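Numbering (my numbering), first residue to last: 10 to 525.
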Amino acid sequence: MTIPFDFFVLAAVAAELRAALVGGRVQKVQQPSTNEIILSTFSKAAGGRRLLLCVDPHAARVHFTQIKRDNPTQPPGFCQIARKYLEGAWIEAVELPFPDRVLHLVCHTVEGERVTLICELMGRNSNVVLVSGTNTVRGVLRHGGEREMHHGAAYKSPPGISTDAPFLSKFAETESALRPEGELLQRAALGQFSPHSIQGADGHTVGVWAFETKSVVGFPRESISVALDTFWATKLTEKAEDSAEAAAERARQQALARVEKQLAELEKTFAEAALADKHEECGNLLLAHLAQFSKGAESAEVSDFYNDGQTRTIALDPKKSPHENAEAWFDRARKARDATEYATRRKVELEAERATLQTNAPLPQPASAGLAPRGYPGAGGGGAGGGGKPGGKKFEGHKIRTLTLEGEWTLYIGENATSNDYLLTKVAGPKDLWFHIRGVAGAHGVLRTNAHPERVPDAILRKAAGLVAARSGEKHAGLVPVDYTERRYVRKPRGAKPGQAVYTIAKTIDVEPQGM
């Protein structure tokens, strides 16, 4: 269960924003991801604050945040528009025009124009829209959906918006029923909020609410933003951990399928080995009857002295001489017997591995990472979180560390500027993911995606970003912003120093540096 972001929570956020932002200015606008906008603000009342507006359909919310994110190298289109109107603008008001999950941040630009940043937090219809004058749309964060808004069009309110009675979640309705009628609405109108984090039956935080709770266990927080920021940081971390567990299970199932396939192939080897004696008999019979057939024949019928002189038909290769055909049968017999020895040993190893995988135990580490089969931890050098030796003939002497994440994802990290160049120009494929810490000198990372970057789990992205962050000047920081993008969007400028690169499209994630 997750407590939804309802009207009461938004009202508490709006009250906090009014106290902290009205009379202040917008200093910087950022768009760290497709669904997020961050406004860096300053006011005499609250000093410098960062306001997060997130319109992810599953995590829509507005609150102050402690997570620091720098500007992307090439800001997306909406961010550029928002910067044009909002950077330097005075914040005039924070309004809730409807008793629903819509917040208006009213500003005056440096030219004196009135603009409003509208944040709609309504599930799949969530959006951020910038309007000016008489509700003329200047920019839209998310396009599509039931409304198609574009520059210059008239702004339309979200479908299904509550205009009379406040929008209340089932949780809010339950809490309201336990109090005198109208109490919570009256407290909201007076700004008498008491932010609480909600505790689930298992002791974990399941959400945030604007008041003390009566139907569930809650504990007070110093502000609604602190409660929301803390809750979502934890929830997103848990989501990443769940993704990591799912990735581990996929790796286990893939490894199990590979083991079963190899065992099936071994059965074919054993079946061929059982015919080794017959193959040798064919070779001996051909040697005994060389004079009876010539090159070009596709078969030979000979007297079978292994079977009381009955006739045996032996297949021949018409391109080979009679003697070469006999040797071919002997070779086939030798290979079948040699394969039997190998297959017997390999079957024991595979059956032991299958038993381990079927018990959901961790995947076994190969003895030699360099010889690890695809899909195993260690493939490509070094286990998950471990470090393969940098350099070597594979990278023409460049110091590049190879790591394997969750058994199936290979990450390369450059150890110096020239190695970073080599990674970018010689190692990375067009759709591999390239990582670099935002605005600080440090290592480049390349994550192999097999031409499908969209399939990389969030947990792997965060793990790779954390490992790259650990090889930068911010390795001792708490949270570090790391940019990542497909290799095709990265280039080395002509005449640039080793290790320098520019990129046009990127996403940013804030991670803790992780040791190798």
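Here a beta-carbon is modelled for each residue, glycine too, at the ideal position from N, C-alpha and C. Since we're looking at a predicted model, the values are computed, not measured.
Where does the unbroken alpha helix (DSSP H) through residue i begin, and where does it stop?
| i | result |
| --- | --- |
| His332 | 331–367 |
| Val64 | First-last for Val64: undefined, no H or E at that position. |
| Ile469 | 467–478 |
| Ala21 | 16–30 |
| Thr9 | Outside the shown range of the chain, which is 10 to 525, sits residue 9, and nothing can be said about it. |
| Gly86 | 86–95 |
Does DSSP classify residue i as helix, strand or coil?
| i | result |
| --- | --- |
| Asn136 | strand |
| His288 | helix |
| Arg188 | coil |
| Tyr431 | helix |
| Arg259 | helix |
| Gln195 | helix |
| Ile233 | helix |
| Arg410 | strand |
| Arg500 | strand |
| Gln523 | coil |
| Glu182 | helix |
| Ala55 | coil |
| Pro375 | Residue placement at Pro375 is poorly supported in this model, since its pLDDT is 34, which falls under 50; the coordinates still yield a value, given next. If DSSP states are grouped into helix, strand and coil, Pro375 belongs with coil. |
| Val119 | coil |
For residue i, is the classification buried or exposed, using 16 other Cβ atoms within 10 angstroms of its Cβ as the cut-off for buried?
| i | result |
| --- | --- |
| Ala361 | exposed |
| Asn459 | exposed |
| Lys435 | exposed |
| Val119 | exposed |
| Ser185 | buried |
| Val520 | buried |
| His213 | exposed |
| Ala370 | Bear in mind that the predicted position of Ala370 carries a pLDDT of just 48, short of 50, making it unreliable; the figure below should be weighed with that in mind. Answer is exposed; the Cβ neighbour count stays below 16. |
| Thr74 | buried |
| Val38 | buried |
| Ala266 | exposed |
| Gly191 | exposed |
| Pro490 | buried |
| Thr494 | buried |
| Pro41 | buried |
| Leu372 | In this prediction, Leu372 has a pLDDT of 44, which is less than 50 and means its spatial position is unreliable; what the coordinates show is noted afterwards. Leu372 should be labelled buried. |
| Ala283 | exposed |
| Arg383 | Its pLDDT being 29, under 50, Arg383 is placed unreliably in this model, and the value from its coordinates should be taken loosely. So Arg383 counts as exposed. |
| Arg261 | buried |
Output needed for residue i: all residues of its chain with C-beta closer than 7 Å, excluding positions within five of it in sequence on either side, in chain order.
| i | result |
| --- | --- |
| Tyr315 | Glu290 |
| Asp2 | Residue 2 lies beyond the stretch modelled for the chain, which goes from 10 to 525, so this question has no answer here. |
| Ala29 | Ser52, Ala54, Ala55, Arg58 |
| Ala162 | Val146 |
| Ile76 | Leu488, Asp519 |
| Gly524 | Ala479 |
Excluding five sequence neighbours on each side, which residues of the same chain lie with their C-beta closer than 6 Å to the C-beta of residue i?
| i | result |
| --- | --- |
| Gly394 | Only weak support is given to the placement of Gly394: the predicted model assigns it a pLDDT of 39, under 50, and the question is left unresolved by the model. |
| Gly209 | Val215 |
| Lys304 | Ser330 |
| Met131 | Arg110, Pro167 |
Is the separation between the beta-carbon of residue i and that of residue j shorter than 8 Å?
| i | j | result |
| --- | --- | --- |
| Leu433 | Val499 | yes |
| Ser49 | Gly33 | no |
| Ile518 | Arg471 | yes |
| Thr172 | Ser224 | no |
| Ala23 | Phe202 | no |
| Val477 | Ala510 | no |
| Gly148 | Ile90 | yes |
| Val268 | Arg410 | no |
| Glu445 | Ser234 | A quick correction: the sequence has His, not Glu, at residue 445. Contact: no. |
| Pro66 | Ser135 | yes |
| Glu424 | Lys408 | yes |
| Leu139 | Val124 | yes |
Hey, could you find the ends of the beta strand (DSSP E) residue i is sitting in?
| i | result |
| --- | --- |
| Tyr2 | In the structure as shown, the chain starts at 10 and stops at 525, and residue 2 therefore has no counterpart that could be examined. |
| Leu48 | 45–52 |
| Lys37 | 34–42 |
| Arg123 | 123–129 |
| Tyr493 | 489–495 |
| Arg147 | 145–149 |
| Asp313 | 308–313 |
| Ala324 | 319–324 |
| Thr517 | 516–520 |
| Leu456 | 454–456 |
| Gln208 | 205–208 |
| Ile446 | 442–446 |
Residue i: beta carbon under 7 Å from a heavy atom of the ligand PLP?
| i | result |
| --- | --- |
| Ala257 | Within the structure as shown, the ligand PLP is missing, as the structure has no ligands at all. |
Enumerate in chain order the residues of its own chain whose CB-to-CB distance from residue i is below 8 Å, with the five nearest sequence positions on each side excluded.
| i | result |
| --- | --- |
| Gly227 | His205, Ser206, Ile207, Gln208, Trp218, Glu221 |
| Arg151 | Thr43, Asn44, Val64, Ser135, Asn136, Val137 |
| Ala174 | Pro108 |
| Glu231 | Pro204 |
Do we get a CB-CB distance below 8 Å when we pair residue i with the residues of chain B?
| i | result |
| --- | --- |
| Gly305 | Protein chains in the displayed structure number just one, and chain B is not present. |
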